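According to the working numbering, the stretch in the sequence shown is residues 18 to 246, in order. Each residue gets a CB set at the ideal place from its N, CA and C atoms; glycine is no exception. Quick caveat: nothing in here was measured; it's all calculated off a predicted structure.
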Amino acid sequence: MTEAERDLRTRMVETCRKMNSTGLNQGTAGNLSARHGDGFLITPSSMPYDIMQPEDIVDMAWDGTYAGRRPSSEWRFHRDILKARPDVDVVLHCHSTYATSVACHHRTIPAFHYMVGVMGGTTLRCAAYATFGTQALSDAAIEALQDRKACLLGQHGQISLGKTLDAALWMAVEVETLARMYQQACVLGEPPVLSDEEMARVIAQMQRMSYGLGPEEEGSNDVARPRKA
Ligand SMILES: [Zn+2]
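Have a look at this one:
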């Protein structure tokens, strides 16, 4: 095993434990994969994260063959998403309480809050229900993830994507937080949604921020900038 693979396995175990500490994980329901070599690394089936070690992570090829322990029962959608989405390297799945509660109603979360834009569009979609571990579930997930970094899975849970382990974990926490806020907001009736024009502005602003140019309009004197020493 190379140093780089050892390091990736170690960081995957750390990310899984953070899924526990952030409250995303319920029992052993979550799973995590990361692009690696001619395939990907994925968490093993039914192993609690607090006892999982880097060597327990499963090395899987694109054709579904694997070395070591039995992979997560959801390996199929991990593989299909990593194959279909060259823009991401990590797939995180969990049954976090609020995201799953909204998904149990097959609700797509609208732009009731501007942070919905961080998933890449004006909605956080909910995929159609399909039996866990099946090709039908994988197909439904890929459809719901079109132009998005996250989706809900009908009567099941959520999937969050990222270029890195930290980014995917951050996204999963964001999905859970939005689902929680949406549910609370719905107590007072279905909340109003931001217009498509405003969401386009939000998404453009988010892209500017992640490109490191700062959130503010260029050409203005009133911008936040580091003080000269
Ligand atoms: Zn699941």
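Straight-line gap, residue i to residue j (C-alpha atoms, nearest Å)
i    : j    : result
N37  : L211 : 33 Å
L99  : V240 : 39 Å
D76  : I126 : 35 Å
C168 : A161 : 6 Å
A153 : R23  : 33 Å
T181 : G85  : 24 Å
E20  : G56  : 17 Å
T32  : L186 : 7 Å
A157 : Q200 : 24 Å
K166 : N48  : 16 Å
G7   : F129 : The structure shown has nothing for residue 7, since the chain only spans 18 to 246.
G171 : G54  : 32 Å
E191 : M132 : 8 Å
Residue interval of the alpha helix (DSSP H) (run including residue i)
i    : result
S118 : 114 to 120
N37  : 20 to 38
V219 : 213 to 227
A159 : Before going further, note that residue 159 is Ile rather than Ala in the sequence given. Looking at the DSSP string, the run of the alpha helix (DSSP H) that includes I159 is 152 to 161.
Residue i (DSSP reduced to helix, strand or coil)
i    : result
Q201 : helix
Y131 : helix
S50  : strand
L41  : coil
P61  : strand
P88  : strand
A185 : helix
A196 : helix
heavy atom of ligand 1 below 7 Å from residue i C-beta
i    : result
E91  : yes
F94  : no
H123 : no
G171 : no
G174 : yes
F149 : yes
H130 : no
H110 : yes
Span of the beta strand (DSSP E), counted from its first residue to its last, around residue i
i    : result
S177 : 174 to 179
D76  : 75 to 78
H95  : Counting along the chain, H95 falls outside any beta strand (DSSP E), though it belongs to the alpha helix (DSSP H) covering 92 to 101.
H5   : Given that the chain is displayed from residue 18 to residue 246, the structure contains no residue 5 and the question cannot be resolved.
L170 : 167 to 170
Residue i CB to nearest heavy atom of ligand 3 below 7 Å
i   : result
A46 : As presented, the structure is devoid of ligand 3, carrying ligand 1 as its sole ligands.
- Query: Are the region 177 to 184 and the region 81 to 97 touching by the rule of at least three beta carbon pairs closer than 8 Å?
  - Reply: No: the two stretches stay apart, fewer than three of their Cβ pairs being nearer than 8 Å.
- Validate contact between the region 105 to 122 and the region 27 to 46 using beta carbons, cut 8 Å, 3 pairs: The answer is yes - the region 27 to 46 touches the region 105 to 122, with three or more Cβ pairs under 8 Å.
- Task: Please confirm if the region 206 to 221 is in contact with the region 141 to 148, defined as three or more CB-CB distances below 8 Å between the two stretches.
- Result: Pairwise C-beta distances place the region 206 to 221 out of contact with the region 141 to 148, as fewer than three of them are shorter than 8 Å.
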